[in-house]
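Read through the structure below, which is laid out as structure tokens, and then see the notes.
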Amino acid sequence: MVPVISGVLQGSVMGPLLFLMFINDLPENLTSDSRLFADDAIVYRQIHSVEDQVILQNELVKLAEWEQLWGMEFHPQKCSYLRISRSRKPKTYKYIIKGVTLAEKTSAKYLGVEIQSNLAWNNHIDRVTKKSNNMLGFLRRNLRTASSETKTNAYITMVRSNLEYCASAWNPHQKKYEQKREMVQRRAAVLHLTDIRTPVA
């Protein structure tokens, strides 16, 4: 047997609350903006000069110090950075945490929304529509004999909610992306899962 000197039982009601209380002070020593959600953390900053890049690197050092102080552990292999810019010659910098150079990504998923470095939304829309079409196939196979009301409720709950999630942030302004979403709606109508007169927001 191994003695447990910290932590709470997995699945406990108090576990998430205690964890949030434990990490709540993480942003206090940072000058850059940060966001915490469950066990995910994001630190971001507008980069106008090399000095801004150095400041952001120093924030990573502070995070590593916080980690040592409170007995947490960041996994550099799971960390990365995303440079959001439409400049043809964006400022480059190698960010390091715990001696490991972070991988640069061209897109990153955060809270269910895929953000691209050029602020395009085609990757997110492709992923959302593919997931929605797969779910339509699932509903078609499993609700063949269900009532129209049941099919509609299933569509709204499992497909439409996916299409509309965070739409206020990424709702496409380009017609080709809007058409991809509308194709899901039309397919649902063909499968008699919804009324095509009810538009997706």
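Under my numbering, the first residue of the sequence shown is numbered -1, with each subsequent residue one higher.
Cβ atoms here follow ideal geometry from the backbone N, Cα and C, with glycine treated the same way.
Starting from the C-beta of residue i, find all residues in its chain whose C-beta is less than 7 angstroms away, skip the five residues before and the five after it, and write them out in chain order.
i, result
"Arg195", "Confidence at Arg195 is low in this model, with a pLDDT of 46, below 50, so the placement of that residue should be treated as unreliable; the coordinate-derived value is given next. Once the five neighbours on either side are set aside, Arg195 has no close Cβ partner at all."
"Glu71", "Glu65"
"Ile82", "Ser115 and Leu117"
"Leu141", "Thr148, Lys149 and Ala152"
"Ala101", "Ser78"
To the nearest angstrom, how far is the alpha carbon of residue i from that of residue j?
i, j, result
"Ser30", "Val188", "50 angstroms"
"Val0", "Leu15", "25 angstroms"
"Thr213", "Arg139", "The structure shown does not extend to residue 213, since the chain spans only -1 to 199, so no value can be given for it."
"Asn132", "Glu49", "47 angstroms"
"Arg86", "Ala39", "29 angstroms"
"Tyr42", "Ser145", "49 angstroms"
"Lys173", "Asp37", "37 angstroms"
"Ser32", "Ser78", "15 angstroms"
"Asn160", "Arg184", "16 angstroms"
"Val6", "Gly13", "6 angstroms"
"Thr155", "Leu134", "12 angstroms"
"Met181", "Leu54", "43 angstroms"
"Leu203", "Gln51", "What the structure shows of the chain is the stretch from -1 to 199, and residue 203 is not part of that stretch, so it cannot be assessed."
By the DSSP assignment, the alpha helix (DSSP H) with residue i in it spans what residues?
i, result
"Phe72", "Unbroken run through Phe72: none, as it is neither H nor E."
"Asp200", "Examination of residue 200 is not possible in this model, given that the chain is present from -1 through 199 alone."
"Ser146", "Ser146 to Tyr153"
"Ser159", "Ser159 to Glu162"
"Val182", "Lys173 to Val188"
"Ile21", "Met12 to Ile21"
"Ser105", "Note, Ser105: premise wrong, no alpha helix (DSSP H); beta strand (DSSP E) at Ser105 to Tyr108."
"Ser85", "Element bounds for Ser85: n/a, residue is neither H nor E."
Which one of the options has the shortest CA to CA distance from residue i?
i, options, result
"Ser105", "Ser166, Phe20, Tyr91 and Asn116", "Asn116"
"Lys89", "Leu18, Lys76, Gly97 and Leu80", "Leu80"
"Phe35", "His46, Phe20, Ile45 and Arg43", "Phe20"
"Ser166", "Arg185, Trp119 and Val157", "Trp119"
"Arg125", "Ile45, Thr143 and Val157", "Val157"
"Tyr91", "Ala62, Lys128 and Asn56", "Asn56"
"Asn27", "Leu58, Gln44, Val11 and Gly9", "Leu58"
"Thr127", "Ala186, Lys178 and Gln8", "Lys178"
For the beta strand (DSSP E) that residue i lies in, which residues bound it at each end?
i, result
"Arg33", "Asp31 to Phe35"
Can you name, in chain order, every residue of its own chain whose Cβ lies under 8 angstroms from the Cβ of residue i, other than the five neighbours on each side?
i, result
"Gly110", "Tyr163 and Cys164"
"Asn121", "Ser105, Glu112 and Gln114"
"Leu137", "Lys149, Ala152, Tyr153, Met156, Val157, Leu189 and Leu191"
"Ala62", "Phe72, Ile95 and Lys96"
Leaving out five residues before and five after residue i in sequence, what residues of the same chain have Cβ atoms less than 6 angstroms from its Cβ?
i, result
"Pro74", "Ile95, Lys96 and Val98"
Got a sec: is the Cβ-Cβ distance from residue i to anything in chain B below 8 angstroms?
i, result
"Ile154", "Given the protein chain composition of this structure (a single chain), no chain B is represented."
Completely contained alpha helix (DSSP H) runs for the segment 43 to 70, where each covers 4 or more residues
The qualifying runs are 48 to 68.
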